[in-house]
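Peer 1:
There are 2 protein chains.
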Amino acid sequence: MQSESIKAAKNVDQDRLWKRLMSMAEIGALPNGGVNRQALSNEDILARQRIIKWAKDLDFQIETDEIANLFIRLVGSNTSAPPVSTGSHLDSQPRGGKFDGAFGVIGGFEALEAIRCAGIKPESSIELIAWTNEEGGRFQPGVMGSSLFAGDISISDQLDVKDADGVKLKDALSDTLASTPDLLLRPFKSPMKAYIEAHIEQGPILEETKNKIGVVTGIQGLYWYGVEIIGQEAHAGTTPESNRHDALQTAISIIQDLKQLMHDETDTVRFTIGKFDCEPGSPSTIPGRVYFTIDFRHPEQKVIDNIHRKITPICNKHAGVCKVNVSQIIDCPPVHFDEDIMELIKTAASTIGHNHLLMPSGAGHDAGHISKLCPTGMIFVPCKGGVSHNELESSEPEDLVSGIQTLTACLVELANK
Amino acid sequence: MQSESIKAAKNVDQDRLWKRLMSMAEIGALPNGGVNRQALSNEDILARQRIIKWAKDLDFQIETDEIANLFIRLVGSNTSAPPVSTGSHLDSQPRGGKFDGAFGVIGGFEALEAIRCAGIKPESSIELIAWTNEEGGRFQPGVMGSSLFAGDISISDQLDVKDADGVKLKDALSDTLASTPDLLLRPFKSPMKAYIEAHIEQGPILEETKNKIGVVTGIQGLYWYGVEIIGQEAHAGTTPESNRHDALQTAISIIQDLKQLMHDETDTVRFTIGKFDCEPGSPSTIPGRVYFTIDFRHPEQKVIDNIHRKITPICNKHAGVCKVNVSQIIDCPPVHFDEDIMELIKTAASTIGHNHLLMPSGAGHDAGHISKLCPTGMIFVPCKGGVSHNELESSEPEDLVSGIQTLTACLVELANK
Numbered sequence: 001m002q003s004e005s006i007k008a009a010k011n012v013d014q015d016r017l018w019k020r021l022m023s024m025a026e027i028g029a030l031p032n033g034g035v036n037r038q039a040l041s042n043e044d045i046l047a048r049q050r051i052i053k054w055a056k057d058l059d060f061q062i063e064t065d066e067i068a069n070l071f072i073r074l075v076g077s078n079t080s081a082p083p084v085s086t087g088s089h090l091d092s093q094p095r096g097g098k099f100d101g102a103f104g105v106i107g108g109f110e111a112l113e114a115i116r117c118a119g120i121k122p123e124s125s126i127e128l129i130a131w132t133n134e135e136g137g138r139f140q141p142g143v144m145g146s147s148l149f150a151g152d153i154s155i156s157d158q159l160d161v162k163d164a165d166g167v168k169l170k171d172a173l174s175d176t177l178a179s180t181p182d183l184l185l186r187p188f189k190s191p192m193k194a195y196i197e198a199h200i201e202q203g204p205i206l207e208e209t210k211n212k213i214g215v216v217t218g219i220q221g222l223y224w225y226g227v228e229i230i231g232q233e234a235h236a237g238t239t240p241e242s243n244r245h246d247a248l249q250t251a252i253s254i255i256q257d258l259k260q261l262m263h264d265e266t267d268t269v270r271f272t273i274g275k276f277d278c279e280p281g282s283p284s285t286i287p288g289r290v291y292f293t294i295d296f297r298h299p300e301q302k303v304i305d306n307i308h309r310k311i312t313p314i315c316n317k318h319a320g321v322c323k324v325n326v327s328q329i330i331d332c333p334p335v336h337f338d339e340d341i342m343e344l345i346k347t348a349a350s351t352i353g354h355n356h357l358l359m360p361s362g363a364g365h366d367a368g369h370i371s372k373l374c375p376t377g378m379i380f381v382p383c384k385g386g387v388s389h390n391e392l393e394s395s396e397p398e399d400l401v402s403g404i405q406t407l408t409a410c411l412v413e414l415a416n417k
Numbered sequence: 001m002q003s004e005s006i007k008a009a010k011n012v013d014q015d016r017l018w019k020r021l022m023s024m025a026e027i028g029a030l031p032n033g034g035v036n037r038q039a040l041s042n043e044d045i046l047a048r049q050r051i052i053k054w055a056k057d058l059d060f061q062i063e064t065d066e067i068a069n070l071f072i073r074l075v076g077s078n079t080s081a082p083p084v085s086t087g088s089h090l091d092s093q094p095r096g097g098k099f100d101g102a103f104g105v106i107g108g109f110e111a112l113e114a115i116r117c118a119g120i121k122p123e124s125s126i127e128l129i130a131w132t133n134e135e136g137g138r139f140q141p142g143v144m145g146s147s148l149f150a151g152d153i154s155i156s157d158q159l160d161v162k163d164a165d166g167v168k169l170k171d172a173l174s175d176t177l178a179s180t181p182d183l184l185l186r187p188f189k190s191p192m193k194a195y196i197e198a199h200i201e202q203g204p205i206l207e208e209t210k211n212k213i214g215v216v217t218g219i220q221g222l223y224w225y226g227v228e229i230i231g232q233e234a235h236a237g238t239t240p241e242s243n244r245h246d247a248l249q250t251a252i253s254i255i256q257d258l259k260q261l262m263h264d265e266t267d268t269v270r271f272t273i274g275k276f277d278c279e280p281g282s283p284s285t286i287p288g289r290v291y292f293t294i295d296f297r298h299p300e301q302k303v304i305d306n307i308h309r310k311i312t313p314i315c316n317k318h319a320g321v322c323k324v325n326v327s328q329i330i331d332c333p334p335v336h337f338d339e340d341i342m343e344l345i346k347t348a349a350s351t352i353g354h355n356h357l358l359m360p361s362g363a364g365h366d367a368g369h370i371s372k373l374c375p376t377g378m379i380f381v382p383c384k385g386g387v388s389h390n391e392l393e394s395s396e397p398e399d400l401v402s403g404i405q406t407l408t409a410c411l412v413e414l415a416n417k
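Which chain is which? The protein sequence lines are Z and X, in order.
The first sequence runs 1 to 417 under the numbering used here.
The second sequence runs 1 to 417 under the numbering used here.
1. Go ahead and label leucine 184 of chain Z buried or exposed: buried means 16 or more other beta carbons lie within 10 angstroms of its beta carbon, across all protein chains shown.
2. Taking only runs of the beta strand (DSSP E) that begin and end inside the segment 264-290 of chain Z, which ones reach a length of at least 3 residues, in chain order?
3. Under 8 Å, Cβ to Cβ, is there at least one residue of chain X near isoleucine 286 of chain Z?
4. Where does isoleucine 67 of chain Z fall in DSSP's three states?
5. Output yes if chain Z places a C-beta closer than 8 Å to the C-beta of glutamine 405 of chain X; else output no.
6. Per DSSP, histidine 356 of chain X forms a beta bridge with which residues?
7. Quick check on asparagine 243 of chain Z: does DSSP put it in helix, strand or coil?
8. Nearest-angstrom Cα distance between isoleucine 155 of chain X and arginine 244 of chain X?
9. Run through chain X and tell me which residues come within less than 9 Å of tryptophan 224 of chain Z, C-beta to C-beta.
10. State buried or exposed for asparagine 78 of chain Z, treating a residue as buried only when at least 16 other CB atoms are found within 10 Å of its CB.
11. Considering just the uninterrupted stretch of the alpha helix (DSSP H) at asparagine 133 of chain X, what are its terminal residues?
12. By DSSP's criteria, leucine 74 of chain X is part of a beta bridge. Which residues make up the other side?
13. Residues of the segment 229-256 of chain X in Cβ contact with chain Z at a cutoff of 8 Å, in chain order, please.
14. What is the rounded straight-line gap between the Cα of phenylalanine 139 of chain Z and the Cα of leucine 40 of chain Z?
15. Around the C-beta of methionine 342 of chain Z, are 16 or more other C-beta atoms found within 10 angstroms, so that it is buried, or is it exposed?
16. Aspartate 157 of chain X to aspartate 152 of chain Z, Cα distance in whole Å?
17. Nearest CA to the CA of valine 174 of chain X: which residue from X:Gly119, X:Gly34 and X:Ile45?
18. Run through the DSSP bridge pairs and tell me what histidine 89 of chain X is partnered with.
19. Give me the chain X residues within the contact set of glycine 364 of chain Z, using Cβ-Cβ distance strictly less than 7 Å, ordered along the chain.
20. Cutting at 7 Å between CB atoms, please list the residues of its own chain near aspartate 399 of chain X, excluding the five before and the five after it.
21. From the DSSP output, in three-state form, read off phenylalanine 380 of chain X for me.
22. Just the chain Z side, please: which residues come within less than 8 Å of lysine 275 of chain X by C-beta, in chain order?
23. Please report the Cβ distance between glycine 218 of chain Z and proline 299 of chain Z, rounded to the nearest whole angstrom; I am assuming they are in contact, meaning their Cβ atoms lie under 8 Å.
24. Please list, in chain order, all residues of the same chain as alanine 348 of chain Z whose beta carbon is under 6 Å from its beta carbon, the five residues on each side excluded.
25. For histidine 389 of chain Z and chain X, any beta-carbon pair shorter than 8 Å?
26. According to the neighbour-count rule (16 or more other Cβ atoms, all chains shown, within 10 Å of its Cβ), is threonine 266 of chain X buried or exposed?
27. Give the DSSP-derived three-state secondary structure of arginine 186 of chain Z in the structure shown.
28. What do you get for arginine 309 of chain X, buried or exposed, if any count of 16 or more other CB atoms within 10 angstroms of its CB means buried?
29. Quick check on DSSP: helix, strand or coil for isoleucine 419 of chain Z?
30. Hey, would you say arginine 186 of chain Z sits closer than 8 Å to phenylalanine 109 of chain Z, going by beta carbons?
31. Under 9 Å Cβ-Cβ, which residues of chain Z neighbour glutamine 220 of chain X?
32. Hey, is serine 201 of chain Z's beta-carbon within less than 8 Å of any beta-carbon in chain X?
33. Who pairs with glycine 221 of chain X in a beta bridge, going by DSSP?
34. Would you mind reading off the limits of the alpha helix (DSSP H) that contains isoleucine 45 of chain Z?
35. Would you say threonine 86 of chain X lies against chain Z (beta-carbon separation less than 8 Å)?
36. Residues in the segment 86-107 of chain X with C-beta within 7 Å of chain Z's C-beta atoms, listed in sequence order?
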């Protein structure tokens, strides 16, 4: 590891990083310490304006693209070389935490400023990217900005997607782009030399094993299904059990059986019913329709394939007198990150003096899509109790700084290689 | 049975009854044949105006009261005697049928007109009542108008109740009363000589046993509970099973166990989870809160007491790492109708030539509360497939007419007794 890389890492400023994180957390702040800063909302626009202001103050180059991904560049000596990139997202869940996404963006910004403060002019440019709509809480699917940039989906398929209030993505996107009229639009798939994303772990493992740095080996496969059950609305007081077409009771039988299917002694399978809508929702009416989602994840394709082929038969098995429709919403195979990038992160962490652990990512991340464009990796830092997608999400300033020191060293090392 | 009673019954006009039912079903009509005519809504006001118009055309007396119950009177020869009353409700579930409630009101109106057409002046007045807010879909609790009239609840406790849009009952009520400014306000608990309510069965028994008339013996006990489960929102991809506080999975374990508790070989227990809300409702977030209702009913107090004392312990047993709060919302013991009224309905049905069946009511009805004020009974007619609280609710015109013939004979018999 070159001395310049370590020098840059030593210029990472804990206080500056924390203050910027807290400043960003003011935008969309919620009463219990979290944020509601959903993609392409007014809060998202304000967050962009705040980081653009900081970037302009430091004379970094700023560009955007058709989906409003934001690119902030510390220009290298070889301006024609593809940049070494870092990044994450500024959008949040409807009741999300201060650090999920924001840490990777504000931390990446701190890396750029630390390199500048160290007086280093890297050979390749180093770039921070704030990807649009990672969470997918407002407009589905999530990881939208990075999927579009990587060419995995097409923008024309996204423009008419609506949020819960009926607002179309194209209108929210157009408002967002109009708020930064002076920025150049970069084409999708612009080349990158490498990409490393810093993120809070969102799980309890680093905290429990007392490791500072998670060297992420890949992202587990993510599969979403929608299960719709059509029964028949009827009167709760007059309809005997034997005459009911009760969509809710059918849903419960299905979920009980799915729970058995997903049971795993090693506690590696992740199985969640996060959305469950019951209609018409009157206490004295037998539910005529239930819709629920299945989110299941695993790092191994073989396990995924085995579970996948059993889901629809289980749902149909319990249909009884109801009608059951199963649809697949997301089908994201496991991602394996670049071995050289993992080696580099391990070396950087060890050189700086942070213990580390190789670990897969439980959550999906923008890095998963970018891994198709260039050598990619991720750095995890601990978060309290593993709690995320929750207002109470929390991380220690010294743990955040360890992650950004490691990131900074890696970015400079790659840019000068 | 007096010949005048049978004469009145023979004047019931199937075509007139059906046309008025279809006219009422235009108000709040839904695409699949049902109605959305919730209590104290604009549709409810229009429904009242329509029946008031019909009553004025026939010179019936019209009054209302503080909760906007509507009283339409065919004046008898002894004007100081308490009236013999019939009635039901014009409000519907959000996606209700054309006949639930409306049949008892429009059918009661047809009874009054048939008596008039038969040239009969009964001794006591005969009165039709349209009770306000029987369904309770918009403002809880249901059977509100009849409970208030019977003195079972107090109006001051209801005025600040809000609907889902935050509209207070007192404001909706004030709009409703303002739409009939010329009507006298009658005090609650005004005396009645007797009360008989006609209603569709809302169950399959009359149809299956090929009986025309259900002589209702009483109303089964109705108990509602609210179960709130507080878990912890967390990331679906990163949180191992062993670290989860999953409110939805806890709810499912509770409901499975309740289902066993409620299991009944005789299919007499009615057990429904009609409302089930899951928060925050994001597919990738472990649910942090679930709220569901339990509606359970049985005709025997002993069975009810036995189930009641097990509900809270079962909910608590499955709490695990979540917090569970159980609250009782409704506590309505079984009602037994007057033996003489049952005998009268049987005699009237037999004399006219309709076969009949003694049966309890599965649903709650306004008659349940009025039974505390005077001798009370109910007449059921078949409905297709037992389907109710559903847009597809349906009844045959000839079955409806059988019910109103029986009702008319009973009303005249009681008024002249």
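Note that beta-carbon positions come from the ideal geometry of N, C-alpha and C, so glycine has one too.
Predicted model, so just to flag it, every value in this text is computed and none were measured.
Peer 2: Let me lay it out:
1. Counted from its first residue, the first sequence places residue 184 of chain Z at position 184. Answer is exposed; the Cβ neighbour count stays below 16.
2. 270-272 and 276-279
3. Start at 1 with the first residue of the first sequence, and residue 286 of chain Z comes out as number 286. Answer yes: the Cβ-Cβ gap between isoleucine 286 of chain Z and chain X drops below 8 Å somewhere.
4. Position 67 of the first sequence, counted from the start, is the residue given in the question as residue 67 of chain Z. It is coil, neither helix nor strand.
5. Translated into the one-based positions of the second sequence, residue 405 of chain X becomes position 405. Judged by the 8 Å Cβ criterion, glutamine 405 of chain X is not in contact with chain Z.
6. Position 356 of the second sequence, counting from 1, holds the residue named residue 356 of chain X. In DSSP, histidine 356 of chain X forms a bridge with X:Ile213.
7. Counting from one through the first sequence, the residue named residue 243 of chain Z turns up at place 243. Looking at asparagine 243 of chain Z - three-state DSSP - the assignment turns out to be helix.
8. By one-based count along the second sequence, residue 155 of chain X stands at place 155. By one-based count along the second sequence, residue 244 of chain X stands at place 244. The alpha-carbon atoms of isoleucine 155 of chain X and arginine 244 of chain X are separated by roughly 45 Å.
9. For the purposes of this step, residue 224 of chain Z is taken as the residue at position 224 of the first sequence. Pro283 and Ser284, listed in chain order.
10. Translated into positions along the first sequence, residue 78 of chain Z becomes position 78. Flag for asparagine 78 of chain Z reads exposed.
11. As a first step, residue 133 of chain X must be located in the second sequence, where it is residue number 133. Run containing asparagine 133 of chain X: none; DSSP gives neither H nor E here.
12. By 1-based counting over the second sequence, the position of residue 74 of chain X is 74. Note: leucine 74 of chain X sits in a beta bridge opposite X:Ile126.
13. Gln232, Glu233, Ala234, His235, Ala236, Gly237, Thr238, Thr239, Pro240, Glu241, Ser242, Asn243, Asp246, Leu248, Gln249, Ile252, Ile255 and Gln256
14. To locate residue 139 of chain Z, count along the first sequence from 1; it is residue 139. To locate residue 40 of chain Z, count along the first sequence from 1; it is residue 40. Cα-Cα distance, rounded: 9 Å.
15. Here residue 342 of chain Z refers to the residue found at position 342 when the first sequence is read from its first residue. Per the 10 Å Cβ criterion, buried.
16. The residue labelled residue 157 of chain X in the question sits at position 157 within the second sequence. The residue labelled residue 152 of chain Z in the question sits at position 152 within the first sequence. Their Cα atoms are separated by approximately 58 Å.
17. Translated into positions along the second sequence, residue 174 of chain X becomes position 174. It should be pointed out that residue 174 of chain X corresponds to serine in this sequence rather than to valine. Selected option, being the one with the closest Cα: X:Ile45.
18. Here residue 89 of chain X is taken as the residue at index 89 of the second sequence, counted from 1. Answer is X:Trp131.
19. In the first sequence, residue 364 of chain Z corresponds to position 364, counting from 1. By Cβ distance, chain X contributes Gly237.
20. As a first step, residue 399 of chain X must be located in the second sequence, where it is residue number 399. Lys212, Val381 and Pro382, listed in sequence order.
21. Taking the first residue of the second sequence as 1, we reach residue 380 of chain X at position 380. It is a strand residue.
22. Working through the second sequence from its first residue, we reach residue 275 of chain X at position 275. In chain order: Cys278, Gly281, Ser282 and Pro283.
23. Here residue 218 of chain Z refers to the residue found at position 218 when the first sequence is read from its first residue. Here residue 299 of chain Z refers to the residue found at position 299 when the first sequence is read from its first residue. Sure, about 7 Å apart at Cβ, within 8 Å.
24. Here residue 348 of chain Z refers to the residue found at position 348 when the first sequence is read from its first residue. Thr406, Ala409 and Cys410, listed in sequence order.
25. Position 389 of the first sequence, counted from the start, is the residue given in the question as residue 389 of chain Z. Yes, histidine 389 of chain Z lies at the interface with chain X (some Cβ there is under 8 Å from its Cβ).
26. Indexing the second sequence from 1 puts residue 266 of chain X at position 266. By the 10 Å Cβ count, threonine 266 of chain X comes out exposed.
27. Start at 1 with the first residue of the first sequence, and residue 186 of chain Z comes out as number 186. Reduced to three states, the DSSP call for arginine 186 of chain Z is strand.
28. As a position in the second sequence, residue 309 of chain X is number 309, starting the count at 1. Flag for arginine 309 of chain X reads exposed.
29. No statement about residue 419 of chain Z is possible, as the shown extent of chain Z runs from 1 to 417 and does not include it.
30. Taking the first sequence and counting its residues from 1, the one referred to as residue 186 of chain Z is at position 186. Taking the first sequence and counting its residues from 1, the one referred to as residue 109 of chain Z is at position 109. Taking 8 Å as the Cβ cut-off, arginine 186 of chain Z and phenylalanine 109 of chain Z do not qualify as a contacting pair.
31. If you number the second sequence from 1, residue 220 of chain X lands on position 220. Result: Gly237.
32. By 1-based counting over the first sequence, the position of residue 201 of chain Z is 201. In the sequence under discussion, the amino acid at residue 201 of chain Z is glutamate, which differs from the serine named in the question. Output row for glutamate 201 of chain Z: interface = yes.
33. Your numbering for residue 221 of chain X matches position 221 in the second sequence. DSSP lists X:His298 as partners of glycine 221 of chain X.
34. Along the first sequence, read from residue 1 onward, the residue named residue 45 of chain Z stands at position 45. Counting along the chain, the alpha helix (DSSP H) containing isoleucine 45 of chain Z begins and ends at 42-57.
35. Residue 86 of chain X sits at position 86 when you count from the first residue of the second sequence. No, threonine 86 of chain X does not count as interfacial toward chain Z.
36. Gln93, Pro94 and Arg95
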